[in-house]
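Novice: Would you mind keeping the following structure in view while I ask a few things?
Number of protein chains: 2
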Amino acid sequence: MTFEAPTKDMLFNIEHLSGLEELHTLPEYADVEMEDIAAVLTEFGRFCAEEIAPLNASGDHNPSTCEKGRVTMADGFHEAYQKFVEMQWQSLPHPTEFGGQGLPRSVGAAATEILNAANMSFALCPLLTDGAVEALLTAGTDEIKNTYLANLITGKWTGTMNLTEPQAGSDLALLRSRAERADDGSYHISGTKIFITYGEHDMAENTIHLVLARTPDAPAGVKGISLFLVPKYLVNPDGTPGTRNDITCQSIEHKLGIKASPTTVLEFSNAKGFLIGEENAGLNYMFRMMNAARYAVGLQGVAIGERAHQQALAFAQERVQSRPVDGTSRDAVTIINHPDVRRLLMRMRAVTEGGRAMATFTAGWQDLAHLAPTANARARATRISEFMTPLVKGFCTETAVETASNGVQVHGGMGFIEETGAAQHYRDARILPIYEGTTAIQANDLIGRKTLRDGGETARELAEMIVETEQALQEKSDTTRAIAARLGRAREDFLATVDYMLATAPANPNAAFGAGVPYLMLTGSLCAGWQLARSALIATDALETGEDTEFMQRKIETANFYAHHVLNETATLRDRIIHGADSLLNATL
Amino acid sequence: MTFEAPTKDMLFNIEHLSGLEELHTLPEYADVEMEDIAAVLTEFGRFCAEEIAPLNASGDHNPSTCEKGRVTMADGFHEAYQKFVEMQWQSLPHPTEFGGQGLPRSVGAAATEILNAANMSFALCPLLTDGAVEALLTAGTDEIKNTYLANLITGKWTGTMNLTEPQAGSDLALLRSRAERADDGSYHISGTKIFITYGEHDMAENTIHLVLARTPDAPAGVKGISLFLVPKYLVNPDGTPGTRNDITCQSIEHKLGIKASPTTVLEFSNAKGFLIGEENAGLNYMFRMMNAARYAVGLQGVAIGERAHQQALAFAQERVQSRPVDGTSRDAVTIINHPDVRRLLMRMRAVTEGGRAMATFTAGWQDLAHLAPTANARARATRISEFMTPLVKGFCTETAVETASNGVQVHGGMGFIEETGAAQHYRDARILPIYEGTTAIQANDLIGRKTLRDGGETARELAEMIVETEQALQEKSDTTRAIAARLGRAREDFLATVDYMLATAPANPNAAFGAGVPYLMLTGSLCAGWQLARSALIATDALETGEDTEFMQRKIETANFYAHHVLNETATLRDRIIHGADSLLNATL
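As they're listed, the protein sequences go chains C and P. Taken in order, the first sequence gives residues 1 to 589; the numbers are from our numbering. Taken in order, the second sequence gives residues 590 to 1178; the numbers are from our numbering.
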């Protein structure tokens, strides 16, 4: 089926939710105009719709294969990737200093979403490369940066993250891979890594593996983990790929979804590697890379929601079945006229647009965290953007699974037939709440590092910002006032659960963390609804000036639906969090 | 992975929730003892665990195939089916008059669940045969019954339901298949039927198709549909299969799940068929068959929830990962010690046991609907059991999808790898809220036929019964009092939405039916929680006598968890139902 990038909604969010006015005061973004952003995203949307999206179903039906350590990519992936590189799409969000285009993160986020909506299996390769770039920018020496960054930023070389081992998934303390120092300052890396996305493939001339391993004298646990760069081909002095390193792809996994993306088992046998940053500080660097990747996985959730919604909407507009319940026709009508199909479609749209709005809002704070002129402003932006990361990852991926499932439901029996395509989204989406940290891991982060560590300060600061939005909503229209009332109730639910976490976690951590996922979903639901409420404010103003009436009307409708059908989940979640611990913890499993 | 039938929970439900005392007063069930039921279910559980369950994964990896109109079943299915027939398992719930074992429906339901938990693809064949038996018992002539019933009840022959056509899924008014009268009183049936489960296979010597079609002079719409029996092989006077009828299997579908179950496209070309009941009354008979099938699909939901829960629990007890958040160990522990894994497992258990309890309760009323001594008692039991049917179908299948998804989540990254098996449940479960009527179709039934038609009488009668349970809960313990409080709140939410439906549906059907699925989920959640609350009452009494302490303690825990984590969803659902119509209906899609 055809795919159309939701550029209009993205541009609205970038202009109105990402704090663009403030970003324009920064020298880095002073010259970035909305027209330029629109041109870039429109062109990228066209490219993805024409070149990448058509490979989504075919790559699922005939996935990538592995034989004798060589991975052959699904048909068309190789050619499409060359075009992707030629057209310099990889460089979009990266710094101009190393050949990037230096666009705001909200624009990079929109591009990531578009690529993933077109083809999640394909998009994983550039996504991992982005993560490697982030890690090298953070902790690489000048030599490392000069040797690797330019080719990663063009996409000529690709990157991977090598964390997981058979016994070490969520728990990196259990890592066993070893790194022995060599005389020349490099290291010999040995060990087995599993679940390595694009660990081996034929699309690029070199692959740069970032690998966690332990030096012989490293302390036990996570404080003894170091980060190494281990290239598939060692790089010659002239910058070209040389000797093949001793890294073997042993197999690729037979997965539920994202089948065209090769998920490899890699064996490192005294492979030559280079330390990134300091020994035993690997986890810190990996966390930077992982935070970027977690945010990106949240975008994948929005992306698959968008794609599933487009497909279900198109089907509902064509499929004729049953007379309408209101008796307005004696003949069968298209199923979009049936109120439950409408309900499913509106819910898909609301959580998808809500997730996108929340992600765009977060991207603005990420930029300020790096670029704001004062240390105070940077610190505040860091706190806020880091608070938002587990919400974007957790909420947008949990809702992605729900949205993909609702997309199957809209199709009825046809949704269960693989050729229809709805089932692929349902399968693909299922990895999202798992990889780069399960939703429970995100919730642990939200409670521990983001709520308890600053005594709830950031949480309450966000609540204050929400109050401001509520006040503005009171001034506009009956609809925005109705949204304000529901936003206020959800905010109160949120503050009650923040108090609960602060009071409970120290003495009864199991009670607090057992309510972690509900707390994450409550907070995510609130923040997504808040950003949609902000959208409704902007759209109400725009309606008065007659600007783009149809689009603006729909933004208000989405926010209003969200307020009445999604945001009210906070009541149940609050009850579960605050009154659910005993029945959860005292049961015999 | 191994599977163990949950016979203990089933026997508890049959003894305490299915109204067994009243059933014992009926001559049909006067001699049915719990020990006999226990013996039957234990033996059937053993058979399914040993012979049927091992074929579940292999049938998924190497599904049934179709070549030139012949379907070859997945490896092992043929042999297992012969054993199933030899051991007379098919006859369990059917009347003794035609060779059945005449056990209460609650026992038949338990057997259906066990078989489906072992292997849903396999179980679909007997399930469809049960439906055909139901239809023939309802509307077949003596000649039809004598010719076909005995062989269907032994399982020597299998049955199918042929409703769907490419243009007619949920909407049977759009049916086009034709039935021309022949001189000998039979009919020539022609048309294309799709999504026909086990429409062609090699496990039985004959297949009896029940087919909806129109006679030439039939009125348009659903009032012109007749039901025909169309055997794959015409039956000789001596009862053996004779000439092959003109029915061709054109292909089987490539599906998301239940892959070993052949879903066929059947072409009927002047095939010889026999009218069942009256011309143009086919839909009524089909509805009987469909109601039985809908209830059975609800049991499939419970079944897959049970299987997914067993698998996730076993994984969580073995997988070691991360230190506990409460600091009780400095080493990594099995993940069952992590509170969010506990939360996922408890939710899986609660909705599965809740669904099973509700289904068993319903089975008791189904028996009374047929067998109660007075017309009044039969009418009341009919009303109650028919009110429950869309709840069992809708609630237990929606929660099955959620439970299977949670099962994947418990497995983390391993859950996304097909070899682990958790993903199969996630794929298999997805058909359940679709076939035999989507959840929205169930909700239409719940609103239209079950709530509005009697002006809310049955709904309020159930609420009165729930009040009685609340009163009993008040007398027992702190835990049961806490359950009572939450059950009462959910019951009030239910009654408010019943009032809303009665007030809204006549003037604004789109508002009412647009809230249909939330109304179904609220009512289903309430009734499942109610039955668990009844279980907690019984278990509390049993604890005092020291009977089976561990099991009884767990029943109370399940009910308590359900009350604090599932039942509170009614608040959000009520809000959506009563305040959600405008934002739903006024949006531009």
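Think of the CB as a built atom: it goes at the ideal place given N, C-alpha and C, for glycine as much as any other residue. Being a predicted model, the structure only gives us computed values, none of them experimental.
Looking only at its own chain, which residues have a Cβ that is under 8 Å from the Cβ of residue 1103 of chain P, when we skip the five neighbours before and after it?
Specialist: Walking along the second sequence from the start, residue 1103 of chain P turns up at place 514. Here the set comprises 1169, 1170, 1173 and 1174.
Novice: For the alpha helix (DSSP H) containing residue 696 of chain P, name the first residue and the last one.
Specialist: Translated into positions along the second sequence, residue 696 of chain P becomes position 107. Where residue 696 of chain P is concerned, the enclosing alpha helix (DSSP H) stretches over 694-707.
Novice: Taking just the CA atoms, how far does residue 921 of chain P sit from residue 905 of chain P?
Specialist: By 1-based counting over the second sequence, the position of residue 905 of chain P is 316. By 1-based counting over the second sequence, the position of residue 921 of chain P is 332. Answer to the nearest angstrom: the Cα atoms are 13 Å apart.
Novice: Taking a cut of 8 Å between CB atoms, which residues from the stretch 834-847 of chain P lie near chain B?
Specialist: Note that chain B does not occur in the displayed structure, where the protein chains are C and P.
Novice: Give the range of the beta strand (DSSP E) segment to which residue 785 of chain P is assigned.
Specialist: Residue numbering aside, residue 785 of chain P sits at position 196 when the second sequence is read from its first letter. Element bounds for residue 785 of chain P: 776-786.
Novice: Going along the chain, which residues of its own chain have a beta-carbon closer than 7 Å to the beta-carbon of residue 1158 of chain P, five neighbours each way excluded?
Specialist: The sequence position of residue 1158 of chain P within the second sequence is 569, counting from 1. Hits under 7 Å: 1114.
Novice: I'd like to check one pair, residue 712 of chain P with residue 1013 of chain P: are the Cβ atoms closer than 9 Å?
Specialist: In the second sequence, counting from the first residue as 1, residue 1013 of chain P sits at position 424. In the second sequence, counting from the first residue as 1, residue 712 of chain P sits at position 123. Not a contact, by the Cβ cut-off of 9 Å.
Novice: Once DSSP output is grouped into helix, strand and coil, what is the label at residue 209 of chain C?
Specialist: Locating residue 209 of chain C in the first sequence gives position 209, where the first residue counts as 1. Reduced to three states, the DSSP call for residue 209 of chain C is strand.
Novice: Which residue comes first and which comes last in the alpha helix (DSSP H) that contains residue 985 of chain P?
Specialist: Here residue 985 of chain P refers to the residue found at position 396 of the second sequence. 964-1000 is the span of the alpha helix (DSSP H), which, as asked, contains residue 985 of chain P.
Novice: So with CB distances below 8 Å, who are the chain C contacts of residue 1008 of chain P?
Specialist: What you label residue 1008 of chain P is simply residue 419 of the second sequence in a count that begins at 1. Chain C residues near residue 1008 of chain P: 254.
Novice: Do you know offhand how far residue 482 of chain C's Cα is from residue 434 of chain C's?
Specialist: Your numbering for residue 482 of chain C matches position 482 in the first sequence. Your numbering for residue 434 of chain C matches position 434 in the first sequence. One C-alpha to the other measures close to 36 Å.
Novice: Go through the stretch 787-867 of chain P residue by residue and report every complete run of the beta strand (DSSP E) that reaches 3 residues or more, in order.
Specialist: Counting whole runs of 3 or more residues, the stretch 787-867 of chain P contains the beta strand (DSSP E) stretches 795-802, 815-820, 822-824, 830-833, 836-841 and 852-865.
Novice: Please report the residue range of the alpha helix (DSSP H) in which residue 572 of chain C lies.
Specialist: For the purposes of this step, residue 572 of chain C is identified with residue 572 of the first sequence, where counting begins at 1. Run containing residue 572 of chain C: 569-579, per the alpha helix (DSSP H) assignment.
Novice: If you follow the beta strand (DSSP E) that residue 767 of chain P is in, where does it begin and where does it stop?
Specialist: Here residue 767 of chain P refers to the residue found at position 178 when the second sequence is read from its first residue. Looking at the DSSP string, the run of the beta strand (DSSP E) that includes residue 767 of chain P is 767-770.
Novice: Between the stretch 758-774 of chain P and chain C, which residues of the former have CB atoms less than 8 Å from a CB of the latter, in chain order?
Specialist: Within the stretch 758-774 of chain P, the qualifying residues are 758, 759, 760, 762 and 763.
Novice: Taking any Cβ of chain C, which residues in the stretch 1135-1167 of chain P have a Cβ under 8 Å from it, in chain order?
Specialist: Listed in sequence order: 1139, 1142, 1143, 1146, 1147, 1149, 1150, 1152, 1153, 1154, 1157, 1158, 1160, 1161, 1164 and 1165.
Novice: Quick one: list the residues of chain P neighbouring residue 435 of chain C, beta-carbon separation under 7 Å, in chain order.
Specialist: To locate residue 435 of chain C, count along the first sequence from 1; it is residue 435. Ordered by position in chain P, the residues that pass the 7 Å Cβ test against residue 435 of chain C are 1002.
Novice: In its own chain, which residues sit with a C-beta less than 7 Å from the C-beta of residue 1020 of chain P, not counting the 5 before and 5 after it?
Specialist: For the purposes of this step, residue 1020 of chain P is identified with residue 431 of the second sequence, where counting begins at 1. Excluding residues within five positions, the ones whose Cβ falls inside 7 Å are 846 and 847.
Novice: Please classify residue 353 of chain C: does DSSP put it in a helix, a strand, or coil?
Specialist: Sequence index remark: in the first sequence, residue 353 of chain C carries index 353 (1-based). Helix, per DSSP.
Novice: Under a CB-based cut-off of 9 Å, is residue 979 of chain P close to chain C?
Specialist: Here the question's residue 979 of chain P lines up with position 390 in the second sequence. It does not: the Cβ of residue 979 of chain P has no partner Cβ on chain C nearer than 9 Å.
Novice: Looking at the secondary structure, which residues open and close the beta strand (DSSP E) in which residue 302 of chain C lies?
Specialist: Sequence index remark: in the first sequence, residue 302 of chain C carries index 302 (1-based). Element bounds for residue 302 of chain C: not the beta strand (DSSP E) but the alpha helix (DSSP H), 282-318.
Novice: Mark residue 1042 of chain P as exposed unless 16 or more other C-beta atoms lie within 10 angstroms of its C-beta, in which case mark it buried.
Specialist: As a working mapping, residue 1042 of chain P is identified with position 453 in the second sequence. Classification of residue 1042 of chain P: exposed, given that the 10 Å Cβ count is below 16.
Novice: Please compile the residues from chain P whose C-beta is within a distance smaller than 7 Å of the C-beta of residue 587 of chain C.
Specialist: For the purposes of this step, residue 587 of chain C is taken as the residue at position 587 of the first sequence. 935, 1146 and 1150, listed in chain order.
Novice: Is the CB of residue 298 of chain C under 9 Å away from at least one CB in chain P?
Specialist: Locating residue 298 of chain C in the first sequence gives position 298, where the first residue counts as 1. Chain P contact via Cβ: absent.
Novice: Would you report the Cα separation of residue 800 of chain P and residue 1068 of chain P, rounded to the nearest angstrom?
Specialist: If you number the second sequence from 1, residue 800 of chain P lands on position 211. If you number the second sequence from 1, residue 1068 of chain P lands on position 479. Spanning the two alpha carbons is a distance of roughly 52 Å.
Novice: Helix, strand or coil, according to DSSP, for residue 1027 of chain P in the structure here?
Specialist: Taking the second sequence and counting its residues from 1, one reaches residue 1027 of chain P at position 438. It is coil, neither helix nor strand.
Novice: Pop quiz: residue 890 of chain P and residue 607 of chain P are said to be a contact at Cβ under 8 Å. What is the actual Cβ separation, rounded to whole angstroms?
Specialist: As a working mapping, residue 890 of chain P is identified with position 301 in the second sequence. As a working mapping, residue 607 of chain P is identified with position 18 in the second sequence. At roughly 18 Å, the Cβ-Cβ gap does not stay under 8 Å, so residue 890 of chain P and residue 607 of chain P are not in contact.
Novice: Compare the beta carbon distance of residue 1112 of chain P and residue 1065 of chain P with 9 Å and say whether it is the shorter of the two.
Specialist: Looking up residue 1112 of chain P in the second sequence gives position 523. Looking up residue 1065 of chain P in the second sequence gives position 476. Contact flag unset, no.
Novice: When you compare only the Cα positions, how much space is there between residue 820 of chain P and residue 1117 of chain P?
Specialist: Position 231 of the second sequence, counted from the start, is the residue given in the question as residue 820 of chain P. Position 528 of the second sequence, counted from the start, is the residue given in the question as residue 1117 of chain P. Whole-angstrom Cα-Cα distance: 40 Å.
Novice: Nearest to residue 656 of chain P by alpha carbon, out of P/831, P/840 and P/707?
Specialist: As a first step, residue 656 of chain P must be located in the second sequence, where it is residue number 67. Out of P/831, P/840 and P/707, P/840 has the C-alpha closest to the C-alpha of residue 656 of chain P.
Novice: Given this structure, state the Cα-to-Cα distance separating residue 854 of chain P from residue 748 of chain P, to the nearest angstrom.
Specialist: The residue you call residue 854 of chain P lines up with position 265 of the second sequence. The residue you call residue 748 of chain P lines up with position 159 of the second sequence. One C-alpha to the other measures close to 15 Å.
Novice: Identify whether residue 659 of chain P lies in helix, strand or coil by the three-state DSSP scheme.
Specialist: Here residue 659 of chain P corresponds to residue number 70 of the second sequence, with the count starting at 1. Strand.
Novice: Determine, using beta carbons only, whether residue 92 of chain C comes closer than 9 Å to chain P.
Specialist: Taking the first sequence and counting its residues from 1, the one referred to as residue 92 of chain C is at position 92. No, its Cβ sits nowhere closer than 9 Å to a Cβ of chain P.
Novice: Quick one: what's residue 161 of chain C bridged to in DSSP?
Specialist: By 1-based counting over the first sequence, the position of residue 161 of chain C is 161. BP columns for residue 161 of chain C point to C/210.
Novice: With 16 as the cutoff for other CB atoms within 10 Å, does residue 843 of chain P come out buried or exposed?
Specialist: Here residue 843 of chain P corresponds to residue number 254 of the second sequence, with the count starting at 1. Exposed, because fewer than 16 other Cβ atoms sit within 10 Å of the Cβ of residue 843 of chain P.
Novice: So is residue 765 of chain P buried or exposed if we call it buried at 16+ other beta carbons inside 10 Å?
Specialist: Along the second sequence, one-based indexing puts residue 765 of chain P at 176. It is exposed - the Cβ of residue 765 of chain P has fewer than 16 other Cβ atoms within 10 Å.
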